[in-house]
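First comes the structure, then the notes that go with it.
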Amino acid sequence: MTMKKIVLANLKAYRSPRLVGEWCDALLSALGKTPDTLEVVLALPDMALGDAADKIGGHAGFSLAAQALSPFPQGSYTGATPAAWLKGLVRYTLAGHRERRCYFHESVQDVAREVAEALDEAIRPIVCVESGTFAPQLAALRREEQEQVFWAFTPRVTMPLQKEDLETIAKSVAHIRRQSDDRPVLYGGGVHAGNARSIWAIEGLGGLMLGEACHNASAFARIVESLG
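For what it's worth, the working numbering labels the leading residue of the sequence shown as -11, then goes sequentially.
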């Protein structure tokens, strides 16, 4: 069966759980039904996931993702959220997001342990990499883990994407697919309403990750509709 392409909204830590709930309500009101050709994934703060699960429960085409999870199992790890607590609540988890690597000093091995913990609980990791981190991150995963993860190419973007940037993205996506035995590859970085369709059309792309462009629920809904 052909995998649906993914449109992932990463709300990061901009909103309180209450405001995330209001955002979900606004999104469901604006979008109604997701296009049959894609899956909308909402990467939300842990404290907002339970309420969001109740809200999207009756709406086909939506899934939840954790923004991160613990590289350790349940136990004496203060402040951590183990994968076991998220099982049945989320379908996906982000792993190795650039902000986690930068601000929380997550290493390649930390991310590899997060992947292992997620897969043990039947949660699909979406492993975020830049050009310089893909090869070591791939090497840190066991073969059976490589066969189950999704990848996300998330370079640091500091200016509007130009035509030559799209070509670079396409080459990077193709490279990751070749090296990972054709695993799905998403793209995240500078995606907005003005360029989403152009990036979406890149051959072999598995989906898009949006950050700032999903802050407004109605605007995000319009992007989703434009890709369906």
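Ideal Cβ placement from N, Cα and C applies to all residues, glycine included.
This one's a predicted model, so the numbers in the text were calculated from it and none came from an experiment.
Query raised in the report: Hey, how far is the Cα of H163 from the Cα of I157?
Result: 10 Å
Requested in this report: Enumerate in chain order the residues of its own chain whose CB-to-CB distance from I187 is below 8 Å, with the five nearest sequence positions on each side excluded.
Outcome: L149, L154, I157, Y175, V179, L193, L196
Requested in this report: Could you name the residues of the same chain whose beta carbon sits closer than 6 Å to that of A181, not counting the 5 residues immediately before and after it, in chain order?
Outcome: In the same chain as A181, and ignoring 5 residues on each side of it, the C-beta atoms closer than 6 Å to its own belong to I211, in chain order.
Query raised in the report: Straight-line CA distance for E105 to A207?
Result: In this structure, the alpha-carbon of E105 lies about 35 Å from that of A207.
Query raised in the report: Alpha carbon to alpha carbon, what distance is there between D108 and Q136?
Result: 11 Å
Query raised in the report: With respect to the alpha helix (DSSP H) encompassing E200, which residues constitute its N-terminal and C-terminal limits?
Result: Counting along the chain, E200 falls outside any alpha helix (DSSP H), and DSSP gives it neither H nor E.
Query raised in the report: DSSP three-state call for V(-5): helix, strand or coil?
Result: DSSP places V(-5) within a strand segment (E or B) once states are collapsed to three.
Query raised in the report: Looking at the unbroken beta strand (DSSP E) that takes in A205, where does it start and where does it end?
Result: Taken as a continuous stretch (DSSP letters only), A205 belongs to no beta strand (DSSP E), being part of the alpha helix (DSSP H) at 205 to 215.
Query raised in the report: Nearest CA to the CA of L37: which residue from L19, Y80, E213?
Result: Y80
**Report entry** Counterpart residues of C12 in DSSP-defined beta bridges
**Finding:** Partner(s): none; C12 has no beta bridge.
Query - Close beta carbons around R101, own chain, < 8 Å, minus the five adjacent residues each side - result: P59, F60
Report task. Tell me the start and end of each unbroken beta strand (DSSP E) in the region 17 to 85 that is at least 3 residues and wholly inside, in chain order. Result -> 26 to 32, 50 to 54, 80 to 83
Report task. Using only alpha-carbon positions, find the residue among A209, S214, G216, L215 that is nearest to A14. Result -> A209
Requested in this report: To the nearest angstrom, report how far apart D170 and Q134 are at their CA atoms.
Outcome: One C-alpha to the other measures close to 10 Å.
Report task. Identify every run of the beta strand (DSSP E) within the region 101 to 177, keeping only runs that are complete inside it and at least 3 residues long; order them along the chain. Result -> 112 to 117, 138 to 141, 173 to 176
Requested in this report: Can you have a look at R185 and say buried or exposed, based on whether 16 or more other CB atoms are within 10 angstroms of its CB?
Outcome: exposed
**Report entry** I187: first and last residue of the uninterrupted alpha helix (DSSP H) it sits in
**Finding:** 184 to 188
Requested in this report: Would you decide whether A31 is buried or exposed? Buried here means 16 or more other CB atoms lie within 10 Å of its CB.
Outcome: So A31 ends up on the buried side.
Requested in this report: Measure how close the beta-carbons of L77 and L57 come, nearest whole angstrom, since I'm counting them as under 8 Å.
Outcome: With 8 Å as the limit, L77 and L57 do not qualify as a contact, their Cβ atoms being about 11 Å apart.
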